[in-house]
Amino acid sequence: MTNMKRTLALLALSTLSLAAAQKTVTVGWSGAITGPTSDAGINYGAGAEDYCKYASAAGLVPGYKLNCIARDDQYINANTQRNFEDYVGNMGAPLFLGYSTGATLQLKPTIQETKTPSIMGTFHIGNIDSPNGQYVFLPISSYSEQVVSLLEYIAKKDRKAKIALVVNPSPFGRAPVDDARKAAARLGLTIVDVQEVGANNLDNTALLKRFEAAGIQYVVNQNTAGPVANILKDAQRLNLLGKIQFMGAHYTGGEDLTRLAGSAAKDFIWATSYYLSDEATQPGMILVKKIGAQFGRSAATIQSVHYTSGMTASAIAVEAIRRAAAKGAVTNLSVYDALLTFNGSKAFDPGFTVSPVIFTKTDHVGAEGLRYLQADATGNFKAISSPFKSNLFRLVHPPQ
Amino acid sequence: MPATRMSQTGNYKTTYRQDQGIFANRKELIWIVLLLVALLLAPLITPRTMLRDFDLIMIFGIAALGLNITTGYTGLINMGQGAFMGVGAYAGVVAANAFNLNLFFALLFGGLSAALIGGIVGLPSLRLKHLYLAVATLAFQEIFTWGVGHSRLLAQGGAIPAPAVSIFGFRDSFLTHNLFWYYLILPILAFLVLVWRNVLRGKHGRSLIAIRDNDRAAAAMGINPATAKLTSFMLGSFYAGVAGVLLAYFSKSVVIEDYGLDVGIKVLAMTIVGGLGSIPGSVFGPAFIIGLDRVMEQVANWLGGLNLFPSGVDVATALRPLSFGLAIMLFLMFQPHGLASWWDKLRQYVTRWPYKS
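Protein chains in written order, with the numbering used here: chain A, -8 to 391; chain B, 89 to 445.
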């Protein structure tokens, strides 16, 4: 009996000391839960936080407890900077998960100074370009690559096609325009018009009539789903949906577009690197649903591609921390080195993206594989291509 | 007893010289010196993240003081203060990068550029008043945003890095960033407050107030309304420009999103909440709005942790923007003179104590 008591006491003591020995690593996300683009940000943040909590509970990083935080920065750059400072400066976070374009561009000098690996929800190619792009990583292909890949799709259909770009009036929207022009020139396509359309585009009649008059056959959007949905609804009203093919980069499509545009979303072509929620056999999607249910998320949240997108960023972070921990201490530099091991046989496949996440010292674009998806009559996006990488993108935008 | 030693309420001024003093009396001067000493010592007990908020309060305090000059003291409504901050920020940072200017020259250049543009934008104020003038300044805000977005020189609104700053051998770094800027912005704010208080006691400052109260009567007294209005716009824009340069350097780069219409509205809200036509109000307003945001952030986190709301209904995070709008509405309804009037009442109460105010 005495032995039993001693054993129990020793067991309790060792458990307590193990718990005490378990170190904590902060994984902090800062993004728009309210304010502009919060329709995507709220789900992205939920995905980032949930995956991190799931990983911590499941002990994916042995010996470490993850302190998972998702904070609303309201799409205000000063708030993002404050959150970065709190995570990295006060909580000693070895990496940072970001969201908005402007804030990321503004943070780059600080990220460089603190050598903090940062995984962003904005896929602006300028995030990883020099100067100060050394520690910034994109989870998937850039907006520019997505737009160029859509131009490649058009070129395969019709080399003489007339194209218009419709972009958001912001650095986020304008980012791919230069690369798209260069790609179009190489493909022999004609970009006839580039128009900026923001969230206040309640009537797009003039815009669409202008496109019709110019004989535009394809409209490539780099925007958020809201403005694109308004354009599609107006195109439907003007009977232009069959005459003009509408397409878009990652943030234009998905169930957000279907919900907002309704039947007008039919036939919209979308380029993204993520699997979708209704691809139920994909292991990653099974995990998304499991984690979403575990944390009591609504069906709409679990279905959102942005929820998957947030999980991807978090999964990359957790994997990098795991690899860094396996080699010794978890610091910003060891996590950075760990991210650079994501290649060859050690490429990381979280199951959420159509190709594995690959990083090298000169290539900070993770899951670069893309698919074209097209909305059917019910608004569900179905893949119309296998995963591919843009052949042209590196030629028009070499790594900087 | 000399007038300068008497309290404000019994402050009998017997000469014009006394009436034109920068400080009401010696007591006020002592209080200001004590306040400055307290502010200089504040970083010793202030957490780092809170110090960042102090820095932002001071930067927006300068912008709000500028708006107070135009709107509070002269009565010319201006919705474009965000754009004037932006003009200063872009001019200051681009010039500093191009000509290797140090921070103080960048501040001066940014301020003067904003003042120049302010003078041009102020021209409609010679013919327009009230809502019409507000719309004219709003138009300038839109033109500015569009112009920057389409200018390759200004990176189409993307980030233009500000040069690294080093003063007397002290370098701005991540670990000392907030402290460094605290001791840099505080004297600039103090200096600009002193300059405005100096202007205010003289002919030019009083002419602005006369214009606000009744421009025809002011003209009848020999004040040139056109000169006064344009001066007001230029001076207010100069302050905004300086604030813009400081914000750009503090943020390490200039990005169009920091100088949009929402920023102009925020500065206007700060000015209204602080108190139109009040120097202390220009700092109270930013302190209240930024402080409210921090408080509501904590409340939102606490409420969110309680899981009171059904999944997908994120009432907690909506509290921040909701409280911002509600605060402005309540101030306009119940305290139109802003926090500055509470400050005045408190001062009077303390001064008259134990007598009833």
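Where is the CB? At the ideal position from N, CA and C, for every residue including glycine.
Taking A/Ala308 and A/Val127 to be in contact with their CB atoms under 8 angstroms, please state how far apart those CB atoms are, rounded to whole angstroms.
What you label residue 308 of chain A is simply residue 317 of the first sequence in a count that begins at 1. What you label residue 127 of chain A is simply residue 136 of the first sequence in a count that begins at 1. Rounded, the Cβ-Cβ distance is 13 angstroms, inconsistent with contact.
Just the C-alpha distance for A/Asn195 and A/Gln208, rounded to the nearest angstrom, thanks.
As a working note, residue 195 of chain A is residue 204 in the first sequence. As a working note, residue 208 of chain A is residue 217 in the first sequence. Those two C-alpha atoms are separated by around 17 angstroms.
Is A/Ile33 buried or exposed, if buried means 16 or more other CB atoms sit within 10 Å of its CB?
Position 42 of the first sequence, counting from 1, holds the residue named residue 33 of chain A. Buried, because 16 or more other Cβ atoms sit within 10 Å of the Cβ of A/Ile33.
Taking a contact to mean a Cβ-Cβ separation below 7 angstroms, would you say B/Val342 touches B/Ile276 in this structure?
By 1-based counting over the second sequence, the position of residue 342 of chain B is 254. By 1-based counting over the second sequence, the position of residue 276 of chain B is 188. No, they are not a contact pair.
If contact is defined by three or more beta carbon pairs under 8 angstroms, each pair taking one atom from either stretch, is the segment 279 to 290 of chain A in contact with the segment 34 to 44 of chain A?
yes
Hey, could you find the ends of the alpha helix (DSSP H) A/Gly164 is sitting in?
Indexing the first sequence from 1 puts residue 164 of chain A at position 173. First-last of the alpha helix (DSSP H) with A/Gly164: Pro162 to Arg165.
Compare the beta carbon distance of B/Gly210 and B/Phe321 with 7 angstroms and say whether it is the shorter of the two.
On the second sequence, residue 210 of chain B is found 122 positions in, with the first residue counted as 1. On the second sequence, residue 321 of chain B is found 233 positions in, with the first residue counted as 1. Yes, the Cβ-Cβ distance between B/Gly210 and B/Phe321 is below 7 angstroms.
In angstroms with no decimal places, state the Cα-to-Cα distance between A/Arg177 and A/Lys147.
Here residue 177 of chain A corresponds to residue number 186 of the first sequence, with the count starting at 1. Here residue 147 of chain A corresponds to residue number 156 of the first sequence, with the count starting at 1. Using only the alpha carbons, I get a separation of about 13 angstroms.
Burial state of A/Glu76 (16 or more Cβ within 10 Å):
By 1-based counting over the first sequence, the position of residue 76 of chain A is 85. Classification for A/Glu76: buried.
When A/Leu324, A/Ser135 and A/Ala291 are compared against A/Pro390, the one with the closest alpha-carbon
For the purposes of this step, residue 390 of chain A is taken as residue 399 along the first sequence, with counting starting at 1. Nearest of A/Leu324, A/Ser135 and A/Ala291 to A/Pro390, Cα basis: A/Ser135.
Exposed or buried, which one is B/Asp346 when buried takes at least 16 other CB atoms within 10 Å?
Here residue 346 of chain B corresponds to residue number 258 of the second sequence, with the count starting at 1. B/Asp346 comes out buried.
So, for A/Pro274: in the same chain, excluding its five sequence neighbours on each side, which residues have a beta-carbon less than 8 angstroms away from its beta-carbon?
Reading the first sequence from its first residue, position 283 is the one you call residue 274 of chain A. Correct list, in chain order: Gly342.
Per DSSP, what kind of secondary structure is B/Met421 in: helix, strand or coil?
Position 333 of the second sequence, counting from 1, holds the residue named residue 421 of chain B. Of the three classes helix, strand and coil, the one that applies to B/Met421 here is helix, per DSSP.
Does at least one heavy atom of the ligand FAD sit under 6 angstroms from the Cβ of A/Asn382?
This structure simply doesn't include the ligand FAD, nor any ligand for that matter.
B/Tyr161 by DSSP, collapsed to three states: which one?
For the purposes of this step, residue 161 of chain B is identified with residue 73 of the second sequence, where counting begins at 1. Correct three-state label for B/Tyr161: helix.
Along chain B, in chain order, which residues have C-beta atoms closer than 8 angstroms to that of A/Asp77?
As a working mapping, residue 77 of chain A is identified with position 86 in the first sequence. In chain order: Thr137.
If we cut at 7 angstroms on Cβ distances, does A/Gly189 have a partner in chain B?
Your numbering for residue 189 of chain A matches position 198 in the first sequence. No, no contact with chain B.
For A/Ile131, the three-state DSSP class (helix, strand or coil):
For the purposes of this step, residue 131 of chain A is identified with residue 140 of the first sequence, where counting begins at 1. The answer is strand: DSSP assigns A/Ile131 an E or B state.
Just the C-alpha distance for B/Ala446 and B/Ile145, rounded to the nearest angstrom, thanks.
Any question about residue 446 of chain B goes unanswered here, given that chain B covers just 89 to 445.
Confirm, please, whether the CB-CB distance from A/Ser109 to A/Gly83 is below 7 angstroms.
Position 92 of the first sequence, counted from the start, is the residue given in the question as residue 83 of chain A. Position 118 of the first sequence, counted from the start, is the residue given in the question as residue 109 of chain A. Contact flag unset, no.
Enumerate in chain order the residues of its own chain whose CB-to-CB distance from A/Ala294 is below 6 angstroms, with the five nearest sequence positions on each side excluded.
Counted from its first residue, the first sequence places residue 294 of chain A at position 303. Going by the sequence as given, residue 294 of chain A is Gln instead of Ala. Once the five neighbours on either side are set aside, the close Cβ partners of A/Gln294 are Glu246 and Ser268.
Would you tell me roughly how many angstroms separate the C-alpha atoms of B/Leu447 and B/Ile367, rounded to the nearest one?
Here chain B covers residues 89 to 445 and nothing more, so residue 447 of chain B does not appear.
Run down chain C in chain order and give the residues with a C-beta less than 7 angstroms from the C-beta of A/Gly93.
The chain inventory of the structure shown lacks chain C, comprising the protein chains A and B.
What residue does the beta strand (DSSP E) around A/Glu270 start on, and which one ends it?
The count along the first sequence starts at 1 and reaches residue 270 of chain A at position 279. Where A/Glu270 is concerned, there is no enclosing beta strand (DSSP E), given that its DSSP letter is neither H nor E.
Label B/Met89 either buried or exposed according to how many other C-beta atoms from any shown protein chain fall within 10 Å of its C-beta, with 16 as the threshold for buried.
Here residue 89 of chain B corresponds to residue number 1 of the second sequence, with the count starting at 1. The predicted position of B/Met89 is uncertain, since its pLDDT is 35 and thus under 50; no value can be drawn from it.
Is any beta-carbon of chain A found at less than 7 angstroms from that of B/Gly257?
Taking the first residue of the second sequence as position 1, residue 257 of chain B is located at position 169. Answer no: the Cβ-Cβ gap between B/Gly257 and chain A never drops below 7 angstroms.
Given A/Ile182, which residues of its chain have a CB within under 8 angstroms of its CB, disregarding the five upstream and five downstream residues?
Against the first sequence, residue 182 of chain A aligns to sequence position 191. Excluding positions up to five away in sequence, the list reads Ile154, Ala155, Leu156, Ala171, Arg172 and Ala175.
Going by DSSP, name the residue or residues bridged to A/Tyr55.
The residue you call residue 55 of chain A lines up with position 64 of the first sequence. Note: A/Tyr55 sits in a beta bridge opposite A/Lys14.
Can you give the Cα-Cα distance for A/Val356 and A/Ile349, rounded to whole angstroms?
The sequence position of residue 356 of chain A within the first sequence is 365, counting from 1. The sequence position of residue 349 of chain A within the first sequence is 358, counting from 1. If you take the alpha carbons of A/Val356 and A/Ile349, they lie about 7 angstroms apart.
Do B/Phe197 and B/Gly180 come within 7 angstroms of each other at the CB atom, strictly closer than that value?
If you number the second sequence from 1, residue 180 of chain B lands on position 92. If you number the second sequence from 1, residue 197 of chain B lands on position 109. Their beta carbons are under 7 angstroms apart, which means B/Gly180 touches B/Phe197 by this criterion.
How close, in whole Å, do the beta carbons of B/Leu364 and B/Asn156 come, if the pair is a contact with beta carbons under 8 angstroms?
Within the second sequence, residue 364 of chain B is the residue found at index 276, counting from 1. Within the second sequence, residue 156 of chain B is the residue found at index 68, counting from 1. Sure, about 7 angstroms apart at Cβ, within 8 angstroms.
At a Cβ threshold of 7 angstroms, is A/Gln97 touching chain B?
Counted from its first residue, the first sequence places residue 97 of chain A at position 106. Yes, because at least one Cβ of chain B sits closer than 7 angstroms to the Cβ of A/Gln97.
Quick check: the Cα distance between A/Pro378 and B/Val383, rounded to an integer number of angstroms?
The residue labelled residue 378 of chain A in the question sits at position 387 within the first sequence. The residue labelled residue 383 of chain B in the question sits at position 295 within the second sequence. Approximately 47 angstroms, taken between the alpha carbons.
So B/Arg177 and B/Ala375 are supposed to be a Cβ contact under 8 angstroms. How far apart are they, rounded?
Residue 177 of chain B sits at position 89 when you count from the first residue of the second sequence. Residue 375 of chain B sits at position 287 when you count from the first residue of the second sequence. Looking at the sequence shown, residue 177 of chain B is not Arg but Ala. B/Ala177 to B/Ala375, Cβ: 22 angstroms. No contact.
Burial state of B/Tyr443, where buried means 16 or more other Cβ atoms lie within 10 Å:
To locate residue 443 of chain B, count along the second sequence from 1; it is residue 355. That one is exposed.
With 7 angstroms as the C-beta to C-beta threshold (strictly closer), list the residues of the segment 164 to 175 of chain A near chain B in chain order.
Arg165
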